[in-house]
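Participant:
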Amino acid sequence: MQHTAFHAEHLRLGAKMTDFHGWDMPLYYTSILDEHTSVRTAAGIFDISHMGQAWVSGPGSLETLNELIVSDLTQVGEGRACYTLLTNARGGIVDDIIVYRVGKQEFLVIVNCANRQKDVAWIIEHQRPGTQVRDISAGRSILAIQGPQVASLLEQVLETPVSGLGRFSAMSLSGWGSRAWIARTGYTGSDGFELFLEDAPALRVWKRCLEFGAPLDLKAIGLGARDTLRLEAGLRLYGTDMDDATTPYEADLGWTVAINKPSFIGKDVLVSQKTAGVTKRLVGIELPEGPVPRTGCALMADLPAQSSGGQAGGRQVGSVTSGTFSLMLNKPIGLGYVETRAASPGTALQVMIRSKAYPATVVKLPFWRPQGVPNLGRAQAQSSIDLTAAKRA
Amino acid sequence: MVIPKDFRYTKTHEWTKQEGADVLVGITAHAQEELRDVVYVELPAVGKTVKQGEPVAVVESVKAAFDIYAPLSGTVARVNESLSKSPQLVNQDCYGTGWFFAITPSQPSELSALMSSDDYTKLITGER
Chain A
119 MQHTAFHAEH LRLGAKMTDF HGWDMPLYYT SILDEHTSVR TAAGIFDISH
169 MGQAWVSGPG SLETLNELIV SDLTQVGEGR ACYTLLTNAR GGIVDDIIVY
219 RVGKQEFLVI VNCANRQKDV AWIIEHQRPG TQVRDISAGR SILAIQGPQV
269 ASLLEQVLET PVSGLGRFSA MSLSGWGSRA WIARTGYTGS DGFELFLEDA
319 PALRVWKRCL EFGAPLDLKA IGLGARDTLR LEAGLRLYGT DMDDATTPYE
369 ADLGWTVAIN KPSFIGKDVL VSQKTAGVTK RLVGIELPEG PVPRTGCALM
419 ADLPAQSSGG QAGGRQVGSV TSGTFSLMLN KPIGLGYVET RAASPGTALQ
469 VMIRSKAYPA TVVKLPFWRP QGVPNLGRAQ AQSSIDLTAA KRA
Chain B
7 MVIPKDFRYT KTHEWTKQEG ADVLVGITAH AQEELRDVVY VELPAVGKTV
57 KQGEPVAVVE SVKAAFDIYA PLSGTVARVN ESLSKSPQLV NQDCYGTGWF
107 FAITPSQPSE LSALMSSDDY TKLITGER
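Following this line, the structure appears as structure tokens:
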């Protein structure tokens, strides 16, 4: 089992540990619901050092990455980041990643832990001349510090102004080791930051956050709440809500695709899918009450069968890929794939749980978002706040 | 951890408590701590005939769903309706207001075959 640099800290804090793709990681420290609440109302700190950090640099780096992802990296300036997808020749999603443009020809690529070797090999396989690709994960950590109160906390912890850093912006941190960055990104739907650091300075940040965050009721947060937070924010989990046989349009991530980009892997398939439409699509479902929809539960609708001669009545139109109980909405929620005609918000479905049908409704994603914030999950390269704003703050 | 002396227990972490002609059933402190974050409880219909050892209720945490087994054969006499609105009672008061259902036993001898608090304590310490 692999350990992050924070393993002893997790044990010291009494975490219930779990095997996450070969990493011994905290599932929760106190309770998933308590930790979820802390992030939504105050502050939480996550060790997410199991995620992979790839470094792509050199004169060919922009061209290399732009051919592999669906977004247009030429539109992402220095100090900016974008959530995007690596796609294969069939238009299937190889991984969902965040690309941080930390220099003109320097990119930090954060990949899912289970996909680290696959993604790095994929980038190396497609690298253009003048490109260096390195897995720099060893000896480095990633901390996510999330919640409505973390900006001022981090200014204290880092002794650096960070409040002015815009959503999906990144800046280097001086005095915190080599290749030290902070970015206003996260996987919770709440405001927050992610820090990419060498292990020793990351441990210093962790300890200072616990110390300075105590009056704010900052808590260490495990992977259990990370999952309920991301789901409530409508964010997909790779390997569960999408895989290399799912396209961006099917995963309802068409907004990431720069379809007019001259070339990228899978473009042909995606162009025809955009024109013809998809046959199934990811949707959010809500239950008014009752049990929690879990992975694999069938989704039924009173729709006539698509082939002629089919009879009307409850028939399966899809299935659930992720489900949980939403603390903010106080009801069960889930993500799943359904036939496109059952995918419009407002469509009445039934979800089969332990052989019983429970009413569910298709809803717009995200299930929940902070008040007064447009949509943190989708913040994109267009945002105008940049590094200079962060430095002025 | 609290393990009331006058209750009897199952290997699957249900507790039972004699109350008049009926036997109250719930889950132990050990079980609720393992589950954490109970968000839903599905209870059997009143009047349902149940057999010892068969799944009769479901408790769901944030992460997963778990079966609750009938500790005794008999008829479901009543269920704890308040769990439908307040499933967290299972975490807050597992031996009291967080009870699940009551059974009118059809084979009272089954009760004496359940574990004593000492035996149950041994079971969960061995599990650790």
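Protein chains in written order, with the working numbering: chain A, 119 to 511; chain B, 7 to 134.
Glycine included, each C-beta is placed from N, C-alpha and C at the ideal position.
Model, not experiment: these values are computed from the prediction.
Among all the DSSP beta bridges, which residues are the ones paired with T18 of chain B?
Facilitator: Taking the first residue of the second sequence as position 1, residue 18 of chain B is located at position 12. According to DSSP, T18 of chain B bridges with nothing at all.
Participant: Are the CB atoms of C415 of chain A and V469 of chain A within a distance shorter than 8 Å?
Facilitator: Sequence index remark: in the first sequence, residue 469 of chain A carries index 351 (1-based). Sequence index remark: in the first sequence, residue 415 of chain A carries index 297 (1-based). Result yes, Cβ atoms of V469 of chain A and C415 of chain A sit closer than 8 Å.
Participant: Secondary structure at S473 of chain A, three-state DSSP: helix, strand or coil?
Facilitator: For the purposes of this step, residue 473 of chain A is taken as the residue at position 355 of the first sequence. If DSSP states are grouped into helix, strand and coil, S473 of chain A belongs with coil.
Participant: Quick one: Cα of L291 of chain A to Cα of P319 of chain A, how far?
Facilitator: Counting from 1 along the first sequence, the entry for residue 291 of chain A is found at position 173. Counting from 1 along the first sequence, the entry for residue 319 of chain A is found at position 201. The alpha-carbon atoms of L291 of chain A and P319 of chain A are separated by roughly 11 Å.
Participant: Within 8 Å, do at least three Cβ pairs link the stretch 245 to 253 of chain A to the stretch 171 to 191 of chain A?
Facilitator: Contact holds: three or more Cβ-Cβ distances are below 8 Å.
Participant: Please list the partners that Y147 of chain A has in chain B, where partner means a Cβ-to-Cβ separation under 8 Å.
Facilitator: Walking along the first sequence from the start, residue 147 of chain A turns up at place 29. Going along chain B, no residue has its Cβ under 8 Å from Y147 of chain A, so there is no contact; the nearest lies around 11 Å.
Participant: Pairing CB atoms from the stretch 346 to 358 of chain A with CB atoms from the stretch 188 to 199 of chain A, are three or more of them under 8 Å?
Facilitator: Output reads no: the stretch 188 to 199 of chain A does not touch the stretch 346 to 358 of chain A.
Participant: Quick one: residues in its chain with C-beta nearer than 7 Å to the C-beta of G408 of chain A, no 5 flanking neighbours on either side, listed in chain order?
Facilitator: Against the first sequence, residue 408 of chain A aligns to sequence position 290. So the qualifying residues of the chain are P450, Y476.
Participant: Considering only DSSP beta bridges, list what E224 of chain A is partnered with.
Facilitator: One-based indexing of the first sequence puts residue 224 of chain A at position 106. According to DSSP, which records beta bridges pairwise, E224 of chain A is partnered with A:S175, A:G221.
Participant: Please compile the residues from chain A whose C-beta is within a distance smaller than 7 Å of the C-beta of V68 of chain B.
Facilitator: Start at 1 with the first residue of the second sequence, and residue 68 of chain B comes out as number 62. Near V68 of chain B (Cβ distances below 7 Å), the residues of chain A are I150, L151, G342, T346, T442, F443.
Participant: Please confirm if G408 of chain A has its CB atom under 8 Å from at least one CB of chain B.
Facilitator: Position 290 of the first sequence, counting from 1, holds the residue named residue 408 of chain A. With 8 Å as the cut-off, G408 of chain A counts as an interface residue toward chain B.
Participant: Is there a Cβ of chain B sitting closer than 8 Å to that of R412 of chain A, yes or no?
Facilitator: Mapped onto the first sequence, residue 412 of chain A falls at position 294. Judged by the 8 Å Cβ criterion, R412 of chain A is in contact with chain B.
Participant: Check whether the Cβ of E60 of chain B lies closer than 8 Å to any Cβ atom in chain A.
Facilitator: Within the second sequence, the letter at position 54 stands for residue 60 of chain B. No, no contact with chain A.
Participant: What residue from A:L388, A:L347, A:K134, A:N378 has the CA that sits closest to A363 of chain A's CA?
Facilitator: Working through the first sequence from its first residue, we reach residue 363 of chain A at position 245. If we check each option's Cα against that of A363 of chain A, A:L388 comes out closest.
Participant: Between E87 of chain B and chain A, is there a C-beta pair that is closer than 8 Å?
Facilitator: Taking the first residue of the second sequence as 1, we reach residue 87 of chain B at position 81. Answer no: the Cβ-Cβ gap between E87 of chain B and chain A never drops below 8 Å.
Participant: Starting from G331 of chain A, follow the alpha helix (DSSP H) in both directions and report where the run begins and ends.
Facilitator: Residue 331 of chain A sits at position 213 when you count from the first residue of the first sequence. It spans 317 to 331 - the alpha helix (DSSP H) in which G331 of chain A sits, taken as one unbroken run.
Participant: Looking at chain A, which residues of the stretch 31 to 44 of chain B have a Cβ within less than 8 Å of any of its Cβ atoms?
Facilitator: Cβ contacts with chain A: R42, D43.
Participant: Pick from A:L145, A:K482, A:V275: whose alpha carbon is nearest that of L400 of chain A?
Facilitator: Indexing the first sequence from 1 puts residue 400 of chain A at position 282. Comparing Cα-Cα distances from L400 of chain A to each of A:L145, A:K482, A:V275, the minimum goes to A:K482.
Participant: Would F382 of chain A and V188 of chain A be called neighbours here (beta carbons separated by less than 8 Å)?
Facilitator: The residue labelled residue 382 of chain A in the question sits at position 264 within the first sequence. The residue labelled residue 188 of chain A in the question sits at position 70 within the first sequence. Against a cut-off of 8 Å, the Cβ pair of V188 of chain A and F382 of chain A comes out as a contact.
Participant: Start and end of the beta strand (DSSP E) containing V435 of chain A?
Facilitator: Counted from its first residue, the first sequence places residue 435 of chain A at position 317. It spans 432 to 444 - the beta strand (DSSP E) in which V435 of chain A sits, taken as one unbroken run.
Participant: Suppose only complete runs of 3+ residues qualify. What are the beta strand (DSSP E) ranges in the stretch 359 to 426 of chain A, listed by chain order?
Facilitator: 398 to 404, 416 to 420, all fully within the stretch 359 to 426 of chain A.
Participant: Applying the 10 Å Cβ sphere with the 16-neighbour rule, what's the burial state of H19 of chain B?
Facilitator: Taking the second sequence and counting its residues from 1, the one referred to as residue 19 of chain B is at position 13. Burial call: buried.
Participant: How many angstroms separate the CA atom of I377 of chain A from the CA atom of V217 of chain A?
Facilitator: Here residue 377 of chain A is taken as the residue at index 259 of the first sequence, counted from 1. Here residue 217 of chain A is taken as the residue at index 99 of the first sequence, counted from 1. Cα to Cα, the separation comes out at about 18 Å.
Participant: Pairs of beta-carbons, one from the stretch 223 to 242 of chain A and one from the stretch 165 to 176 of chain A, closer than 8 Å: are there three or more?
Facilitator: Short answer: they touch.
Participant: Drop a sphere of 10 angstroms on the beta-carbon of T306 of chain A, count the other beta-carbons inside from all chains shown, and report buried for 16 or more, exposed for fewer.
Facilitator: Within the first sequence, the letter at position 188 stands for residue 306 of chain A. By the neighbour-count rule (16 or more Cβ atoms within 10 Å), T306 of chain A is buried.
Participant: Whose C-beta lies closer than 7 Å to the C-beta of T136 of chain A among residues of the same chain, with five residues either side of it excluded?
Facilitator: Position 18 of the first sequence holds residue 136 of chain A. Closer than 7 Å at Cβ, skipping near neighbours: M143, L145, L341.
Participant: Could you tell me which residues DSSP puts in a beta bridge with E66 of chain B?
Facilitator: Position 60 of the second sequence, counted from the first residue, corresponds to residue 66 of chain B. Note: E66 of chain B sits in a beta bridge opposite B:Y46, B:A71.
Participant: Check the Cβ-Cβ distances between Y46 of chain B and every residue of chain A, and say whether any is below 8 Å.
Facilitator: Translated into the one-based positions of the second sequence, residue 46 of chain B becomes position 40. For Y46 of chain B, the answer is yes, since a Cβ of chain A falls inside 8 Å of its Cβ.
Participant: Buried or exposed for E243 of chain A, going by 16 or more other Cβ atoms inside 10 Å?
Facilitator: Numbered from 1 along the first sequence, position 125 holds the residue referred to as residue 243 of chain A. So E243 of chain A ends up on the exposed side.
Participant: May I ask you to list, following chain order, the residues of the stretch 452 to 484 of chain A that have a beta carbon less than 8 Å from some beta carbon of chain B?
Facilitator: Against chain B - using a Cβ distance shorter than 8 Å - the residues of the stretch 452 to 484 of chain A are R472.
Participant: If you draw a straight line from the C-alpha of R7 of chain B to the C-alpha of H36 of chain B, how long is it?
Facilitator: Against the second sequence, residue 7 of chain B aligns to sequence position 1. Against the second sequence, residue 36 of chain B aligns to sequence position 30. In the sequence as presented, Arg is not what sits at residue 7 of chain B; that position holds Met. Going by the C-alpha atoms only, they are around 7 Å apart.
Participant: Only counting runs of 4 or more residues, tell me where the alpha helix (DSSP H) segments fall wholly within the stretch 139 to 187 of chain A, in order along the chain.
Facilitator: Taking only runs of at least 4 residues, the alpha helix (DSSP H) segments lying wholly in the stretch 139 to 187 of chain A are 150 to 159, 179 to 186.
Participant: Below 8 Å on the Cβ atoms is my contact criterion, and I expect G104 of chain B with G32 of chain B to pass it. Report the Cβ-Cβ distance as a whole number of Å.
Facilitator: Against the second sequence, residue 104 of chain B aligns to sequence position 98. Against the second sequence, residue 32 of chain B aligns to sequence position 26. Sure, about 6 Å apart at Cβ, within 8 Å.
Participant: Determine the contact status of H66 of chain B and V438 of chain A, defining contact as a CB-CB distance below 8 Å.
Facilitator: For the purposes of this step, residue 66 of chain B is taken as the residue at position 60 of the second sequence. For the purposes of this step, residue 438 of chain A is taken as the residue at position 320 of the first sequence. In the sequence under discussion, the amino acid at residue 66 of chain B is Glu, which differs from the His named in the question. No, they are not a contact pair.
Participant: For A71 of chain B, go through chain A and note every residue whose CB falls closer than 9 Å to its CB, in chain order.
Facilitator: Residue numbering aside, residue 71 of chain B sits at position 65 when the second sequence is read from its first letter. Ordered by position in chain A, the residues that pass the 9 Å Cβ test against A71 of chain B are P409, V410, R412, I471, R472.
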